[in-house]
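Visitor: Residue numbers (the working numbering): 57 to 289.
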Amino acid sequence: MAGAWSVLKWTAALLYLLNYKHSFFQWHLRFFWQCIKHTITYKLMGGAQKSRIAASTNSRDLWASKTYQARASLGDIDFNFHKSNSTYAADADMARTSFCLQMFDQLMIGNFKLYVALGGVSSQFRKQIDMYESYTLETKILAWYGAPATSDTANTRDEKWLFLSTRFVGAKNETKAQMLSQYIFKQGRATLRPETVFEKSGYRLTEADHAKNKEQVKLAQGLLALKDVAALW
């Protein structure tokens, strides 16, 4: 009996290791680990002072990409022994959380109490990810949707949106999948305009930034149009 119990324990431990990403509360642990990790880094590395210096020298790059490393575990795999399309979203949650905590650290980790809320996602799957294959998620700002500022808060239903682009990249720099996400910035019950958050985070927008956004926001119009599809039902 003792031998059988020992085998059972080792089997359970092995299954846990093979399927760690989908064990109990792993999504929550992964999410809060991103929060804890970036908060500690921000505090220990003098993040507030560095952000102020970067803002004063206009050296913060709004279009910078941030990376997140992941691997396809047993629980990610479908009956074709590839990463299931349904599991990409959980990885993207972690990548986007890490991205926002790094890009808007002053406001999210500091006393401003900014938080972000996900409003929609569109995904495209291009190449398979095999079992236990490692891959990188690269996230950056695609564009934002806004009208000329009349206040810090968003005044219309669309001028609040920030669009993030995430791509899943394999070992040979192959794009395995790509995802477009729309976010809003919240402080308490107030919805803040993206440009307000950029400014308070130390990003100084130039004419070139506005021109780039004007072109790239066209790529996000399809995601906004999804709300109109609901009216067809």
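Every residue gets a Cβ at the ideal spot worked out from N, C-alpha and C, and that includes glycine. Keep in mind it's a predicted model, so treat the numbers as computed, not measured.
(1) Locate the alpha helix (DSSP H) running through W89, then write down its first and last residues.
(2) Quick one: residues in its chain with C-beta nearer than 7 Å to the C-beta of L174, no 5 flanking neighbours on either side, listed in chain order?
(3) Any chance the stretch 125–138 sits against the stretch 69–84, with 3 or more Cβ pairs inside 8 Å?
(4) Below 8 Å, can you find three or more Cβ-Cβ pairs linking the stretch 143–159 to the stretch 215–235?
(5) Among W66, F224 and L118, which residue has its Cα nearest to the Cα of Y259?
(6) Please give the ranges of any alpha helix (DSSP H) in the stretch 208–259, keeping only runs that are unbroken, at least 4 residues long and fully inside the region.
(7) Enumerate in chain order the residues of its own chain whose CB-to-CB distance from S179 is below 7 Å, with the five nearest sequence positions on each side excluded.
(8) Report yes if the C-beta distance between L193 and A227 is below 9 Å; otherwise report no.
(9) Classify M66 as helix, strand or coil using the three-state DSSP reduction.
(10) When DSSP labels each residue in this structure, what does R152 get in the three-state scheme?
Guide: Looking at the atomic coordinates:
(1) As a position in the sequence shown, residue 89 is number 33, starting the count at 1. Unbroken alpha helix (DSSP H) run through W89: Q82 to L100.
(2) Your numbering for residue 174 matches position 118 in the sequence shown. Taken in chain order, the residues that qualify are S237 and Y239.
(3) Here the stretch 125–138 makes contact with the stretch 69–84; the two share three or more CB pairs at distances below 8 Å.
(4) yes
(5) By one-based count along the sequence shown, residue 259 stands at place 203. Closest by alpha carbon: L118.
(6) 250–256
(7) As a first step, residue 179 is located in the sequence shown; it is residue number 123 there, counting from the start. Y144, A233 and M235.
(8) By one-based count along the sequence shown, residue 193 stands at place 137. By one-based count along the sequence shown, residue 227 stands at place 171. Going by C-beta atoms, L193 is not nearer than 9 Å to A227.
(9) Numbered from its first residue, the sequence shown carries residue 66 at position 10. The amino acid at residue 66 is misidentified as Met; the sequence shows Trp. Helix at W66.
(10) As a position in the sequence shown, residue 152 is number 96, starting the count at 1. It is helical.
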